[in-house]
Amino acid sequence: MEKITEFLAVYPKIGATLIATTFASIGWVFRNLFELFIEKRKYNRELKTYFWKEKIDASKKASEFYFEYANFLNLARIQFENYRLQKIEHGLLIKNFQKEVQFYADKLKSFPHFEHHHINIFYEFDENKSLEINNEINSVNREILELNPEEDNSEKAKYLFGKIENNYEKLFNLQKGHTTKVRKDLKEFI
């Protein structure tokens, strides 16, 4: 330690430069560590924001697709209600349903964002229940489409449209539950 003191006394400019360089180096290291810490926090925040935007986008696309599908089922219910109220005849009911199925099949096939399944990346929904309901709806739709509008098969049509109404109710409640879960998640983030 004495040698350092003697050296500094003999060469004060070198000593001052050495002290300044040491403290400047220490300051530079701490500044870079601080900037690294800030950059990491900023990166994590941006990553969270990006992830959240993707989550919202997937939720929007899924809700648009599923509500469009629910709209199709609701129109089928309305057609059957008109038949029940005797506003339309059985043959017209079947023809209207066939037109609606064709229209919505084309519409859903050409849906602008077929990434509605991406929501499953972010949320754990009971897909088995939804799949079961959709399979039953598709089966009923196929049976209704096979009905001949010229024949009197109104009892079978009543039964099939009743199944559509029942499944619409189940599917709507299921989708409503999913939407509520997503909304709750959105509120927690904000």
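Residue 0 is where the sequence shown starts when you use numbering that gives the first Met the number 0, and the numbers rise one by one after that. Here a beta-carbon is modelled for each residue, glycine too, at the ideal position from N, C-alpha and C. This structure is a prediction, so every number in the text was calculated from the model and none was measured.
Task: C-beta neighbour in chain C for E63, strict 8 Å - done: Considering every chain present, this structure includes no chain C. It has just one protein chain.
- [ ] With a 10 Å radius around its C-beta and 16 neighbouring C-beta atoms as the bar for buried, classify A15 as buried or exposed.
- [x] For the purposes of this step, residue 15 is taken as the residue at position 16 of the sequence shown. So A15 ends up on the exposed side.
Open item on the list: Let's test the definition: count the other Cβ atoms within 10 Å of the Cβ of Y49 and tell me whether it reaches 16, buried, or not, exposed.
Closed with: On the sequence shown, residue 49 is found 50 positions in, with the first residue counted as 1. Exposed, because fewer than 16 other Cβ atoms sit within 10 Å of the Cβ of Y49.
Task: Start-to-end residues for the alpha helix (DSSP H) that takes in K128 - done: For the purposes of this step, residue 128 is taken as residue 129 along the sequence shown, with counting starting at 1. Unbroken alpha helix (DSSP H) run through K128: 126-145.
Task: Per-residue burial, V9 [other beta carbons within 10 Å of its own, 16 or more giving buried] - done: Walking along the sequence shown from the start, residue 9 turns up at place 10. When all chains shown are included, V9 counts as exposed.
TODO: Measure the C-alpha to C-alpha separation of L74 and L170 and round it to an integer number of angstroms.
DONE: Locating residue 74 in the sequence shown gives position 75, counting from the first residue. Locating residue 170 in the sequence shown gives position 171, counting from the first residue. Taking the straight line joining both Cα atoms gives about 15 Å.
TODO: May I ask you to report which of helix, strand or coil DSSP gives L84?
DONE: On the sequence shown, position 85 is the one that residue 84 refers to. In this structure, L84 counts as coil in the three-state DSSP scheme.
TODO: With distances taken Cα to Cα, identify the nearest neighbour of K94 among L144, K106, D56, K59.
DONE: On the sequence shown, residue 94 is found 95 positions in, with the first residue counted as 1. It is L144.
Task: DSSP three-state assignment for E225, whether helix, strand or coil - done: No answer is possible for residue 225: the residues shown for the chain start at 0 and end at 189.
Open item on the list: Taking only three categories from DSSP, how would you classify D56?
Closed with: Residue mapping note: residue 56 aligns to position 57 of the sequence shown, counting from 1. DSSP places D56 in helix when its eight states are reduced to three.
Task: Contact belief for F124 with H177 at Cβ below 8 Å, rounded distance in angstroms - done: Position 125 of the sequence shown holds residue 124. Position 178 of the sequence shown holds residue 177. Sure, about 6 Å apart at Cβ, within 8 Å.
Task: Whole-number beta carbon distance between A61 and I118, since they are thought to touch under 8 Å - done: For the purposes of this step, residue 118 is identified with residue 119 of the sequence shown, where counting begins at 1. For the purposes of this step, residue 61 is identified with residue 62 of the sequence shown, where counting begins at 1. The pair is a contact, with the Cβ atoms about 4 Å apart (cut-off 8 Å).
Task: Cβ neighbour criterion (16 or more within 10 Å) applied to K54 - done: Taking the sequence shown and counting its residues from 1, the one referred to as residue 54 is at position 55. K54 should be labelled buried.
Task: D151: CB within 7 Å of a non-hydrogen atom of the ligand COA - done: Here there are no bound small molecules, and the ligand COA is not part of this structure.
TODO: Count the other C-beta atoms from every protein chain shown that fall within 10 angstroms of the C-beta of F259, then say buried if there are 16 or more, exposed otherwise.
DONE: For residue 259 there is no data in the structure shown, the boundaries of the chain being 0 and 189.
Task: Exposure of F79, with buried meaning 16 or more beta-carbon neighbours within 10 Å - done: One-based indexing of the sequence shown puts residue 79 at position 80. Buried, because 16 or more other Cβ atoms sit within 10 Å of the Cβ of F79.
- [ ] Starting from the C-beta of K180, find all residues in its chain whose C-beta is less than 7 Å away, skip the five residues before and the five after it, and write them out in chain order.
- [x] For the purposes of this step, residue 180 is taken as residue 181 along the sequence shown, with counting starting at 1. Excluding positions up to five away in sequence, the list reads Y122.
TODO: Measuring alpha carbon to alpha carbon, tell me which of N133, E67, I136 ends up nearest F102.
DONE: The residue given as residue 102 occupies position 103 in the sequence shown. Residue E67 is the option with its Cα nearest to F102.
TODO: Could you say which of V100, A156, N147, L173 lies nearest to N137 if we only look at CA atoms?
DONE: Counted from its first residue, the sequence shown places residue 137 at position 138. The shortest Cα separation from N137 among V100, A156, N147, L173 belongs to V100.
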